[in-house]
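Here is the structure we will look at, set down as structure tokens.
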Amino acid sequence: MDLSRDLGDELDDLSAQGGPIEGEVAGGAIPGGVPPVRRIVVGEEAPPIRMADRVGPIVEDGIGSDPDFSEPDPEEAFWVEERMRTEALSVSFGSKVAVREVSLQVNQGEVLALIGPSGCGKTTLLRSLNLLVDLTPTAIRSGRITLDGEDIDDFDETHLRKRVGMLFQQPNPFPMSIFDNVAYGLRERGTKRPKKKELEPIVVQSLQRAGLWDEVGDNLDHPALSLSGGQQQRLCIARSLAVSPEVLLLDEPCSALDPISTTIIEETIVELSSDIAIVIVTHNLQQAERIADKVAFMYLGDLVEYGPAGKVFASPLAERTKDYVRGDFG
Ligand SMILES: Nc1ncnc2c1ncn2[C@@H]1O[C@H](COP(=O)(O)OP(=O)(O)O)[C@@H](O)[C@H]1O
Ligand SMILES: [Mg+2]
């Protein structure tokens with residue numbers, strides 16, 4: 001498939017927080033002969049019901065049903081602040097269904113990991129959350145996505161993408177200095193170009209939060225492209241942070257990095273998650289175990305299982321999830 005047609009538009013639209021999109025051509029091996037699983041399972045041993053869980057994929061008798069939007073019982077609910085939610089989100093490319101009626105929520109203070117084999121719709125789901133998927137001409141999206149209760153289709157896309165930042169598999173710094181990379185989105189913002197001095201505190205703070213300051217603080221005028229891959233990815237995190245995102249979408253951000261850079265980025269993600277809701281696609285189950293609060297397991301476009309990470313890994317309910325977390329396929 002040819003994704004290059006999207007690139008110009010995406011570049012324009014993402015310049016503030018993401019830059020060029022890596023040309024990920026999705027798809028790949030799906031184990032043959034295995035029928036799709038449509039069940040969304042929450043079992044008898046489900047953890048205490050939270051507000052957020054009440055509006056998620058609640059099922060009875062293990063058979064998928066519509067989300068339950070009833071008010072929680074104040075006795076049993078404790079509040080989790082929901083930032084984003086998908087309700088029966090489906091995305092097709094032409095006749096190919098990539099995401100099928102997925103309902104889940106993204107909560108403040110949590111890392112949600114999307115896991116599942118290649119081609120099962122993780123990237124498509126992620127790209128729906130900031131409407132990037134709409135830039136693909138063949139994409140058809142249905143269902144509803146909200147940010148703080150508001151339908152994201154009612155947002156200005158550029159504004160939405162500042163609130164919901166995104167990071168890609170391949171680090172994509174711009175060919176300019178470290179400082180200018182981080183300041184990029186801030187300069188784009190207003191009609192009046194802010195002075196370097198005014199931007200400096202935000203640039204410094206963003207680099208600190210991205211865990212890069214100690215390594216580059218003395219060399220802000222150095223070209224970003226002279227940094228190592230792991231540093232470049234943290235620079236891209238800093239560039240996203242500079243425009244104060246409320247949700248950060250990370251599509252396999254460590255898959256091109258060495259183990260040390262991966263560890264630093266994982267630590268950074270966990271720290272950021274205290275004030276930014278994070279959704280991360282990862283192929284690396286150990287990574288999901290290390291950093292995720294919630295896990296969503298997708299298979300062939302369906303959300304098979306969604307729940308607290310410890311539970312999904314230690315005692316998954318669906319057979320398919322069991323097989324996947326045991327490493328039987330994927
Ligand atoms: N731009 C596109 N055009 C056509 N099909 C696509 C496009 N993007 C993704 N797909 C298809 O949608 C399905 C899900 O892809 P993707 O979301 O990238 O999966 P994952 O991230 O889980 O590997 C795959 O079958 C893939 O081939
Ligand atoms: Mg993907």
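Mapping of the sequence shown onto my numbering: residues 1 to 330, in sequence order.
Ideal Cβ positions, reconstructed from N, Cα and C, are used throughout, including at glycine.
Residue burial classification, residue i (beta-carbon count within 10 angstroms, cutoff 16)
{"i": "residue 197", "result": "exposed"}
{"i": "residue 105", "result": "buried"}
{"i": "residue 314", "result": "exposed"}
{"i": "residue 130", "result": "buried"}
{"i": "residue 192", "result": "exposed"}
{"i": "residue 211", "result": "buried"}
{"i": "residue 217", "result": "exposed"}
{"i": "residue 214", "result": "exposed"}
{"i": "residue 267", "result": "exposed"}
{"i": "residue 96", "result": "exposed"}
{"i": "residue 286", "result": "exposed"}
{"i": "residue 122", "result": "buried"}
{"i": "residue 102", "result": "buried"}
{"i": "residue 328", "result": "exposed"}
{"i": "residue 81", "result": "exposed"}
{"i": "residue 261", "result": "buried"}
{"i": "residue 171", "result": "buried"}
{"i": "residue 83", "result": "buried"}
{"i": "residue 259", "result": "exposed"}
{"i": "residue 194", "result": "exposed"}
{"i": "residue 312", "result": "buried"}
{"i": "residue 326", "result": "exposed"}
Any non-hydrogen atom of ligand 2 closer than 8 Å to residue i Cβ
{"i": "residue 251", "result": "yes"}
{"i": "residue 262", "result": "no"}
{"i": "residue 133", "result": "no"}
{"i": "residue 118", "result": "yes"}
Residue from the options whose Cα sits closest to the Cα of residue i
{"i": "residue 272", "options": "108, 258, 184", "result": "108"}
{"i": "residue 220", "options": "199, 119, 229", "result": "199"}
{"i": "residue 157", "options": "174, 170, 134", "result": "134"}
{"i": "residue 281", "options": "298, 95, 267", "result": "298"}
{"i": "residue 205", "options": "160, 187, 225, 242", "result": "242"}
{"i": "residue 302", "options": "311, 275, 321, 289", "result": "321"}
{"i": "residue 164", "options": "128, 173, 265, 181", "result": "128"}
{"i": "residue 236", "options": "91, 86, 327, 207", "result": "207"}
{"i": "residue 230", "options": "325, 85, 168", "result": "168"}
{"i": "residue 162", "options": "180, 172, 186", "result": "186"}
{"i": "residue 137", "options": "91, 150, 120, 180", "result": "91"}
{"i": "residue 232", "options": "181, 288, 203", "result": "181"}
{"i": "residue 85", "options": "120, 124, 150, 98", "result": "150"}
{"i": "residue 99", "options": "300, 316, 324", "result": "300"}
Test item: CB-CB of residue i and residue j under 9 Å
{"i": "residue 341", "j": "residue 247", "result": "Since the displayed the chain opens at 1 and closes at 330, residue 341 lies outside it and no answer follows."}
{"i": "residue 132", "j": "residue 166", "result": "yes"}
{"i": "residue 304", "j": "residue 318", "result": "yes"}
{"i": "residue 309", "j": "residue 295", "result": "yes"}
{"i": "residue 183", "j": "residue 143", "result": "no"}
{"i": "residue 117", "j": "residue 175", "result": "no"}
{"i": "residue 251", "j": "residue 126", "result": "yes"}
{"i": "residue 255", "j": "residue 283", "result": "yes"}
{"i": "residue 264", "j": "residue 234", "result": "yes"}
{"i": "residue 140", "j": "residue 93", "result": "yes"}
{"i": "residue 225", "j": "residue 173", "result": "yes"}
{"i": "residue 227", "j": "residue 178", "result": "yes"}
Residue i CB to nearest heavy atom of ligand 1 below 8 Å
{"i": "residue 311", "result": "no"}
{"i": "residue 298", "result": "yes"}
{"i": "residue 93", "result": "yes"}
{"i": "residue 281", "result": "yes"}
{"i": "residue 86", "result": "no"}
{"i": "residue 331", "result": "The question about residue 331 has no answer, for the chain in this structure spans 1 to 330."}
Residue i: CB within 8 Å of a non-hydrogen atom of ligand 3
{"i": "residue 261", "result": "The model depicted lacks ligand 3 and carries ligand 1 and ligand 2 instead."}
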